[in-house]
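Peer 1:
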Amino acid sequence: MTPSDEDEFRPREQLRAQLLARIASEGAMPVSTFMAEALFDPMAGYYATKDPLGADKDFITAPEISQMFGEFIGLWAAECWGQMGAPHPVQLAELGPGTGRMMSDALRAGAAAPGFVEAAQLSLVEASPALKMVQGQTLATAPVQPRWVRQIDDIAQGPSLIVSNEFLDCLPIRQAVKMGGVWRERLVGLSPDDATQFAFVLGGALSDADLALVAPALRDEPDGALVELRPADAPVVEAIAERFKAAPGYALFVDYGSSTSEPGDTLQAIAKHEKVDPLKEPGGADLTAWVDFQTFAELAHGAGLDVYGPVGQGDFLKGLGIETRAAALARGRSDAVADTIERQLNRLVAQDDMGDLFKVIAFASAGLPAPPGLDRYTPI
Ligand code: SAH
């Protein structure tokens with residue numbers, strides 16, 4: 001173990017001990033509480049304390065795979081800005097910016113639209129002190145300097161463009177299992193064999209308020225079915241709906257998940273690019289769950305937003321011209337560089353890689369033109 005591993009390990013042991021003690025005294029906790037502590041405990045939380053993103057780290061995301069991803073997000077935003085009538089200023093915001101790479105590439109590409117970058121005031125919605133530092137470094141020479149805010153409501157008022165990649169998947173989820181015709185919450189408790197280990201246990205029946213969080217399409221699933229509740233999605237949608245009623249705006253979410261509500265356990269933990277047991281080491285692995293794009297779209301639709309997508313990331317990027325961009329980047333370069341660009345392109349768009357699993361959905365103020373690359377959502 002290197003000294004830095006040890007430095008990270010000790011707070012994690014404390015977090016583990018705290019969570020075990022809390023369960024011993026208060027009883028088993030919702031998966032969402034475990035997830036929030038594992039990701040954002042100030043001393044040991046996975047995101048709160050480190051930068052996990054990159055080929056040599058724990059996992060890799062689209063903007064870290066290729067500069068082209070952020071470039072197309074920037075071109076998309078600049079185009080939407082034009083469709084809004086090129087307001088000056090415009091609030092450009094990113095939710096969960098990770099290393100800041102996507103925004104850095106987006107601003108470079110967005111500069112191709114005359115006046116866009118000059119009009120943009122940049123807000124980064126970020127919960128992690130460690131990642132804020134990294135974002136500040138990545139964007140140190142960017143044409144617009146960021147301001148960090150804690151939530152969507154803190155972005156300055158006015159017309160806005162909100163973008164995000166892999167933000168929704170780390171919002172804490174809850175789980176429920178149907179038994180004897182009743183939905184009961186699946187909680188994190190102590191293992192009956194070893195009180196130093198976490199284990200899933202079944203809690204009481206869901207309240208009526210909680211049942212409302214179960215996707216309507218899944219409420220009649222048979223006994224044994226497991227469903228996920230995403231209590232953090234509605235506040236995101238509501239904050240955007242409120243903004244977009246007051247002033248024009250477009251919001252884009254890229255994330256992994258299914259286009260229609262599906263039952264099943266999607267909670268997963270990743271460390272060093274491998275799947276690990278989600279309960280094994282809180283703070284030591286990324287904990288995420290699939291987005292339910294049907295429910296997310298319905299929430300937005302119900303809140304009065306115009307909804308576009310979801311569409312696969314591959315089709316979205318190809319529709320915007322990523323293949324032409326890849327060919328331009330490879331032109332005149334060595335075979336090795338051209339091969340790398342081709343491989344990166346494939347990772348982003350291939351059906352058996354990120355192209356299909358990752359989806360793109362957008363919201364807009366009612367009545368604005370359709371954003372590039374996306375068709376109007378049709379309620380299922
Ligand atoms: N978008 C980046 C990073 C994805 S990881 C990329 O694609 O590479 C998830 C990001 O969301 C991290 O920056 C994490 O700290 C942030 N995050 C997670 N939950 C958050 C919350 N509730 N509020 C603000 N930021 C959050």
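Numbering-wise (the working numbering), the sequence shown opens with residue 1 and increments by one. All C-beta atoms in this analysis are idealised placements derived from N, C-alpha and C, irrespective of residue type, glycine included.
1) Please tell me whether, using a cut-off of 7 Å, the distance from the CB of S207 to the nearest non-hydrogen atom of the ligand SAH is below it.
2) Could you give the residue range of the alpha helix (DSSP H) that holds R243?
3) If you run the structure through DSSP and keep just helix, strand and coil, what is I23?
4) Would the stretch 314-327 count as touching the stretch 264-273 if we require 3 or more Cβ pairs under 8 Å?
5) For the ligand SAH, is there any heavy atom lying closer than 7 Å to the beta carbon of C80?
6) Report yes if the C-beta distance between T138 and R101 is below 8 Å; otherwise report no.
7) In the DSSP assignment, what are the bridge partners of Q91?
8) In terms of residue numbering, what span does the beta strand (DSSP E) encompassing W148 cover?
9) Would you say the stretch 11-19 touches the stretch 157-166, given that touching needs at least three Cβ pairs under 8 Å?
10) I'd like to confirm something about E166: is its beta-carbon nearer than 7 Å to some heavy atom of the ligand SAH, or not?
11) Closest to L317 by CA distance: which of T260, E242, Y46 and N346 is it?
12) With three or more C-beta pairs closer than 8 Å as the rule, is the stretch 285-293 touching the stretch 166-185?
13) Taking 7 Å as the cut-off, is the CB of G283 close to at least one heavy atom of the ligand FAD?
14) Okay, do the stretch 64-71 and the stretch 91-107 touch, 3+ Cβ pairs below 8 Å being the bar?
15) In the DSSP assignment, find the alpha helix (DSSP H) that holds D337 and state where it starts and stops.
16) Tell me whether the beta-carbon of V337 lies closer than 8 Å to the beta-carbon of A330.
17) Give the straight-line distance between the Cα atoms of P222 and A350, rounded to the nearest whole angstrom.
Peer 2: Taking the coordinates as given:
1) no
2) D233 to A246
3) helix
4) no
5) no
6) yes
7) Q121 and S160
8) Element bounds for W148: P146 to V149.
9) no
10) yes
11) N346
12) Yes, the stretch 166-185 touches the stretch 285-293.
13) The model depicted lacks the ligand FAD and carries the ligand SAH instead.
14) These segments touch.
15) It is Val, not Asp, that sits at residue 337 in the sequence shown. Residues D335 to V349.
16) yes
17) 35 Å
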